[in-house]
Amino acid sequence: MMEGYEKAAADAEERLASAADIHAVADIERDLLGRRSQFTEAKRRLGDLDPGDRAAAGRRLNAARERVEASVAAARARLTASGRADRYEAERLDLTERLPRVVPLRRGHLHPVTQARDRLEDVFVGMGYTVAEGPEVESAWYNFEALNIPEWHPARGEFDTIFVNLGQPEEVMLRSHTSPVQIRVMENREPPIYIVAPGRTFRTDTADATHLPAFNQIEGLAVDRNITLGDLAGTIDEFVRALFGREVKARLRPSYFPFTEPSAEFDISRPDGSWLELGGCGMVHPNVLRNCGIDPEEWQGFAFGFGIDRLAVMRHDIDDIREFVNNDVRFLSQF
Ligand code: DAH
420 MMEGYEKAAA
430 DAEERLASAA
440 DIHAVADIER
450 DLLGRRSQFT
460 EAKRRLGDLD
470 PGDRAAAGRR
480 LNAARERVEA
490 SVAAARARLT
500 ASGRADRYEA
510 ERLDLTERLP
520 RVVPLRRGHL
530 HPVTQARDRL
540 EDVFVGMGYT
550 VAEGPEVESA
560 WYNFEALNIP
570 EWHPARGEFD
580 TIFVNLGQPE
590 EVMLRSHTSP
600 VQIRVMENRE
610 PPIYIVAPGR
620 TFRTDTADAT
630 HLPAFNQIEG
640 LAVDRNITLG
650 DLAGTIDEFV
660 RALFGREVKA
670 RLRPSYFPFT
680 EPSAEFDISR
690 PDGSWLELGG
700 CGMVHPNVLR
710 NCGIDPEEWQ
720 GFAFGFGIDR
730 LAVMRHDIDD
740 IREFVNNDVR
750 FLSQF
């Protein structure tokens, strides 16, 4: 009988040491010390022993009980919050380590084209515009049709479009400019609208010093009441100055785009007095507004678009645009 309880008490120590929570501890405690436990049973049976053996058996029984009680208390302490905190403190490892600077840390930075894009966004956001995006794979409707370039229009040929083998022939393409984002925005929002849409664009161009088949453009669109060509010219002046400084001037030259009327190209002045062509712009063609469900009698707009990579090339005086995609860190880290 005594051996049975001592054995159970020894087992309990192990069980308590591995108990996962205080509920498990309480169960074990009830098993071994509770009113219907082996301990109570053993104590009752002490009376059956010879009086001469009783005292010694009682001592052994109490010693076993004390051991169980101590183990229960230890398990409780281990599992309660303060017990855990004490344990964590005791087991704390100092993982801070000071390494001698063997190789100086070299910080990377954003790609120069990304920097130019971010800067452009900042300038336009500062003028109250928001940034919009559109998909890189477009349908003929968004890339051409809605922009007043019907199927027969010669301008389609000028875009050197990369078509995707989906749907009808020449129905799905990699967008050849960011202008389709104008359509997507006007379809989904009520004027007044002031957005810029930077993004990747694609054409069948072979890469050379001034062309990349995948390049970046930024599109601008303003639709509001009483918008005039003067607002367009002022906006271009303002962003050119914000980007390049007060000494750089902008000028508009009459041009043609199907989606604007009138249309212009805009140039910026170079220190040597020559002009550099940057992009196209104009007053949004009434057909384009109508295609998006906007009444051209009530709303007018202007739009513009130009290449971001070209802008970065100019800004950093880079002589081969392909450097931007060679990913040679020795080149890129200069900017
Ligand atoms: N999408 C034209 C291009 O890639 C650029 C352009 C011209 C955009 C006139 C415009 C615009 O928004 O009004 O050649």
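Using the numbering used here, the first residue of the sequence shown is number 420, and each one after it goes up by one.
Cβ atoms here follow ideal geometry from the backbone N, Cα and C, with glycine treated the same way.
Remember, it's a predicted structure, so these values are computed and weren't measured experimentally.
For residue i, collect the residues of the same chain with a Cβ closer than 6 Å to its Cβ; drop the 5 residues on either side in sequence, then sort them by chain order.
i, result
"Val600", "Ala551, Gly553, Ala616 and Glu638"
"Phe582", "Glu589 and Met592"
"Ala494", "Leu435, Ala438 and Val444"
"His630", "Asp624"
"Ala559", "Glu590"
"Gly720", "Ala641, Val642, Ile646 and Val703"
"Phe750", "Glu742"
"Thr549", "Ile614"
Quickly, what does DSSP pair residue i with across the bridge? List them, please.
i, result
"Ala641", "Tyr613 and Phe721"
"Gln636", "Gly618 and Gly726"
"Cys700", "Ala683 and Phe723"
"His630", "Asp627"
"Phe676", "Thr679"
"Ala669", "Ile687"
"Leu695", "Ile687"
I believe residue i touches residue j by the beta-carbon criterion, under 8 Å. Please report the beta-carbon distance rounded to the nearest angstrom.
i, j, result
"Pro705", "Pro715", "4 Å"
"Thr597", "Gly724", "6 Å"
"Leu480", "Tyr424", "6 Å"
"Val707", "Phe678", "5 Å"
"Gly701", "Glu717", "Actually they do not touch by this definition, with Cβ atoms about 19 Å apart."
"Ile727", "Leu539", "7 Å"
"Arg484", "Phe458", "6 Å"
"Asp739", "Ala652", "Going by Cβ atoms, the distance from Asp739 to Ala652 rounds to 33 Å, so no, they are not a contact pair."
For residue i, which residues of its own chain have a beta-carbon under 7 Å away from its beta-carbon, when the five flanking residues on both sides are left out?
i, result
"Leu695", "Asp686, Ile687, Arg689 and Met733"
"Ala626", "Pro632 and Arg741"
"Asp656", "Ala669"
"Asp450", "Ser456"
"Val487", "Ala428, Ala431, Leu451 and Leu452"
Keeping to the same chain, check which residues put their C-beta closer than 8 Å to that of residue i; ignore five residues upstream and five downstream.
i, result
"Gly545", "Ala661"
"Ser595", "Asn562, Phe578, Asp579, Thr580, Ile581, Thr620, Phe621 and Arg622"
"Ala489", "none"
Under a CB-based cut-off of 7 Å, is residue i close to chain C?
i, result
"Val703", "This model lacks chain C altogether, as it is built from one protein chain only."
With a floor of 4 residues, list each alpha helix (DSSP H) that falls wholly inside the segment 537–575, ordered by position along the chain. 559–562
At which residue ranges does the segment 583–620 contain complete alpha helix (DSSP H) runs of 4 or more residues, listed in the order of the chain? 599–607
Any contact of the segment 630–642 with the segment 670–679, i.e. 3+ C-beta pairs under 8 Å? no
Decide if the segment 645–665 is in contact with the segment 557–567; the criterion is three or more beta carbon pairs, one per stretch, under 8 Å apart. Flag = no, the segment 645–665 and the segment 557–567 do not touch.
Taking contact to mean at least 3 C-beta pairs separated by less than 8 Å, is the segment 568–577 in contact with the segment 497–516? no
Would you be able to state if there are at least three C-beta pairs under 8 Å between the segment 514–522 and the segment 487–499? No, because fewer than three Cβ pairs between the segment 487–499 and the segment 514–522 fall closer than 8 Å, the two stretches do not touch.
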